[in-house]
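Presented below is the structure to which this report refers.
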Amino acid sequence: IPQSHIRNFSIIAHIDHGKSTLADRIIQHCGAVSDRQMSAQVMDTMDIEKERGITIKAQSVRLNYTKNGEEYILNLIDTPGHVDFSYEVSRSLASSDGALLIVDAAQGVEAQTIANVYIAIENDLELLPVVNKIDLPAADPDRVLGELEEAIGIDATEHNLVSAKTGLGVPELIDAIVERVPAPQGDENAPCKALIYDSWFDNYLGALALVRVFDGSIKKGEMMRVMGTKQDHQVLDLMYPNPIAPIKTKEIRTGEIGIVVLGLKTVDAIQVGDTITTAKNPTAQPVAGFEPAKPFVFAGIYPIETDKFEDLRDALNKLKLNDSSLSFEPESSMALGSGFRTGFLGMLHMEVVKERLEREFDLDLIATAPTVVYRVKKTDGTEVEIQNPSELPEPQKIDTIYEPYVKATILTPQEFVGNLITLLTSRRGIQIKMDYLNETRVLMEYDIPMNEIVMDFYDKLKSTTKGYASFDYEPIGFRPGKLVKLDIRVAGEIVDSLSIIVPEEKARSRGLAFVNQLKELIPRQLFEVAIQASIGNNVIARSNVKSMGKNVTAKCYGGDITRKRKLLEKQKAGKKRMKAIGKVEVPQEAFMAVLKLD
Ligand code: GDP
Ligand code: MG
């Protein structure tokens, strides 16, 4: 099939606007799976994943479609939805020539709609506006199209109205894809230039790379070079992604997408964003814009039992096989012992990693509160990067502290604007833009310190707007801040893992809120425990955990032995999540309490 009959497109949308459902309908309409397989297939995939431990990421599919007797290849390239993984979204879009921009007909334009459109525009993609869920009684396509024009300034005169649920409008949409998404324009005779836009680990085949070939081709048996690593590897196998099972092929040609098997043991060697070329006759330039994914937030992860340190190292190494954006290095804490300082793309990424470590590797872990990276210019002229608040230099050695800022985009019903301004201002946000998209919906843009986002911002935003506002952010660089380190002392000792960096003007209120939270979270011990917040040697807030008096089981008035046992078991289970700091048992929640101080 010639390049002129290939269409590479992504589907972009805010979460829950119907991306996956529409992808299923398109796949079904192209006849790649029968109606029966459609539902059966999901189950099968999960069984295989469970039985064999294979990660099957069915993001991209190659579909055959016939229009007016002409055969086409439609490559549907899926994008992950969450803001943490916007790095991967841009890689997927870099592999496409067009994008379906899905907007929920009842919900309208949301923050991730806008964020995704900007990435699509940066990648020069043809945008096809699609209003989905028109079957809903509350659907208002005209309002939604107006929002698209108002919020993003895109021309929505040519658009499709569909219901991914019922299939209404889907055949017309596929025709529009064939007509409006440009065909690939690669040079078939040039050296191979293929962008790795996804990679994952398969227990049988090793690390797999999903690529879009821009120029030339990849042939089975050929030696290929991964340009970022400068390593050469032989192509052991090639496959086209298919909704049922990958289909083997001998060659992936210009304009096509496919899966490359290089027999590699880790995904490190084939990072997303890197370029594959022919070893014999390499292309001069990699595909533009390759930068390794960069962690935004860092946290310490520690085994609760100190002898599990090596197990934790093994587990992190295994996770990294499949997640090249995960970074970690050993660190030790006076309070928590030996563990790892771990870097994440965002808060969701952190939660996922911690949960996988605990569930898949049976580890009991304590995670410290996540922190952003600070840059510190010292009085001696040198600059250091701080990933752990306890590493902040002595105040007299600091010239300036720089903190990362993000541009936050918020879409909200008009009635919450006042409350949002209050919230954003209290979080040190600077208003950049406020646009009324129509009488009811407002687009707000703020520059705001990333640290304020890490501090439980998302939950606050949701509660302030009854769940109606949506939010997205992108990093915009470092700015100087008046910041200080706040230390926490438990029974007189500084607990290094509880130190935080806070704006000077908020130090007192946050310190007080923090010690009061800790007072509630640290269980009573046999003795009274003083909790203090201090800046340097100045104690700025304090509280006490009262001593426990009598044994808890005394409450059970003898008799009921099962109740007593249950209580003891409950205490034991609770202990697993505790870490002894000196003589004081501190629960996991205490380390996260710092996130909820406002
Ligand atoms: P994604 O997060 O963008 O992938 O969204 P999903 O495809 O998972 O859809 C989110 C929810 O919307 C699901 O409950 C779908 O069943 C529902 N949904 C998707 N498309 C339609 C549609 O056309 N009409 C209606 N009524 N519901 C839909
Ligand atoms: Mg989905």
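With full-length UniProt numbering applied, the sequence shown closes on residue 602, and no number is skipped along the way.
Just so you know, even glycine gets a beta-carbon here, dropped at the ideal spot from N, CA and C.
Presumed contact (8 Å Cβ cut-off) between residue i and residue j, rounded CB distance
| i | j | result |
| --- | --- | --- |
| residue 7 | residue 259 | 4 Å |
| residue 203 | residue 276 | 6 Å |
| residue 522 | residue 597 | 6 Å |
| residue 93 | residue 105 | In fact, because the Cβ distance is near 13 Å, the residues do not count as touching under 8 Å. |
| residue 487 | residue 456 | Actually they are not in contact, since the Cβ atoms of residue 487 and residue 456 sit about 12 Å apart, beyond 8 Å. |
| residue 199 | residue 237 | Between residue 237 and residue 199 the Cβ distance is about 17 Å, and since that is not below 8 Å, they are no contact. |
| residue 223 | residue 241 | Rounded, the Cβ-Cβ distance is 11 Å, inconsistent with contact. |
| residue 519 | residue 537 | 5 Å |
| residue 232 | residue 195 | Their Cβ separation, rounded to whole angstroms, is 17 Å, which puts residue 232 and residue 195 out of contact at 8 Å. |
| residue 299 | residue 347 | 3 Å |
| residue 426 | residue 446 | That belief does not hold up - the Cβ atoms of residue 426 and residue 446 are roughly 15 Å apart, past 8 Å. |
| residue 306 | residue 328 | With 8 Å as the limit, residue 306 and residue 328 do not qualify as a contact, their Cβ atoms being about 23 Å apart. |
Minimum C-alpha distance to residue i - residue among the options
| i | options | result |
| --- | --- | --- |
| residue 205 | 252, 76, 270 and 220 | 270 |
| residue 14 | 5, 65, 37 and 20 | 65 |
| residue 529 | 371, 587, 210 and 75 | 587 |
| residue 358 | 336, 338, 330 and 340 | 330 |
| residue 391 | 435, 361, 256 and 344 | 344 |
| residue 544 | 468, 517 and 448 | 517 |
| residue 475 | 515, 308, 265 and 411 | 411 |
| residue 80 | 99, 71 and 74 | 99 |
| residue 451 | 477, 439, 468 and 484 | 477 |
| residue 245 | 221, 235 and 213 | 213 |
| residue 181 | 249, 103, 335 and 278 | 103 |
| residue 171 | 305, 207, 454 and 139 | 139 |
| residue 483 | 468, 432 and 472 | 432 |
| residue 414 | 209, 250, 117 and 188 | 117 |
| residue 401 | 389, 408, 409 and 383 | 383 |
| residue 285 | 272, 230, 256 and 332 | 230 |
| residue 69 | 5, 164 and 492 | 5 |
| residue 454 | 308, 481, 71 and 208 | 481 |
| residue 548 | 492, 501, 599 and 600 | 492 |
| residue 191 | 461, 334, 28 and 257 | 257 |
Enclosing beta strand (DSSP E) for residue i [first to last residue]
| i | result |
| --- | --- |
| residue 264 | 261-268 |
| residue 508 | Per DSSP, residue 508 belongs to no beta strand (DSSP E) and is neither H nor E. |
| residue 228 | 227-230 |
| residue 252 | 251-253 |
| residue 588 | 588-591 |
| residue 484 | 474-485 |
| residue 25 | Not the beta strand (DSSP E): residue 25 falls in the alpha helix (DSSP H), residues 23-33. |
| residue 107 | 102-108 |
| residue 455 | No beta strand (DSSP E) holds residue 455; the alpha helix (DSSP H) holding it covers 454-458. |
| residue 201 | 197-206 |
| residue 216 | 210-219 |
| residue 257 | Element bounds for residue 257: n/a, residue is neither H nor E. |
| residue 137 | It is not in any beta strand (DSSP E) - residue 137 carries neither H nor E in the DSSP assignment. |
| residue 552 | Counting along the chain, residue 552 falls outside any beta strand (DSSP E), and DSSP gives it neither H nor E. |
| residue 10 | 10-17 |
| residue 65 | 64-71 |
Proximity below 8 Å, CB of residue i to CB of residue j
| i | j | result |
| --- | --- | --- |
| residue 109 | residue 137 | yes |
| residue 532 | residue 550 | yes |
| residue 351 | residue 421 | no |
| residue 458 | residue 590 | no |
| residue 149 | residue 160 | yes |
| residue 11 | residue 185 | yes |
| residue 317 | residue 201 | no |
| residue 268 | residue 274 | yes |
| residue 354 | residue 297 | no |
| residue 361 | residue 323 | yes |
| residue 168 | residue 26 | yes |
| residue 404 | residue 381 | yes |
| residue 504 | residue 490 | yes |
| residue 339 | residue 499 | yes |
| residue 485 | residue 399 | no |
| residue 424 | residue 468 | yes |
| residue 479 | residue 374 | no |
| residue 291 | residue 218 | yes |
First through last residue of the alpha helix (DSSP H) which encompasses residue i
| i | result |
| --- | --- |
| residue 338 | Where residue 338 is concerned, there is no enclosing alpha helix (DSSP H), given that its DSSP letter is neither H nor E. |
| residue 528 | From DSSP, residue 528 is part of no alpha helix (DSSP H); its letter is neither H nor E. |
| residue 180 | 174-184 |
| residue 465 | 461-468 |
| residue 655 | Because the chain spans 5 through 602 in this model, residue 655 falls outside it and cannot be assessed. |
| residue 119 | 115-126 |
### Message
I'd like the ranges of any alpha helix (DSSP H) spanning at least 4 consecutive residues and lying wholly in the stretch 369-439.
### Response
421-430, all fully within the stretch 369-439.
### Message
Restricting to runs no shorter than 3 residues, where is the beta strand (DSSP E) found entirely within the stretch 300-366?
### Response
301-307, 331-337 and 341-348
### Query
Who's in the neighbourhood of the ligand HEM, going by beta-carbon under 6 Å from any heavy atom, listed in chain order?
Ligands present in the displayed structure are limited to the ligand GDP and the ligand MG, and the ligand HEM is not among them.
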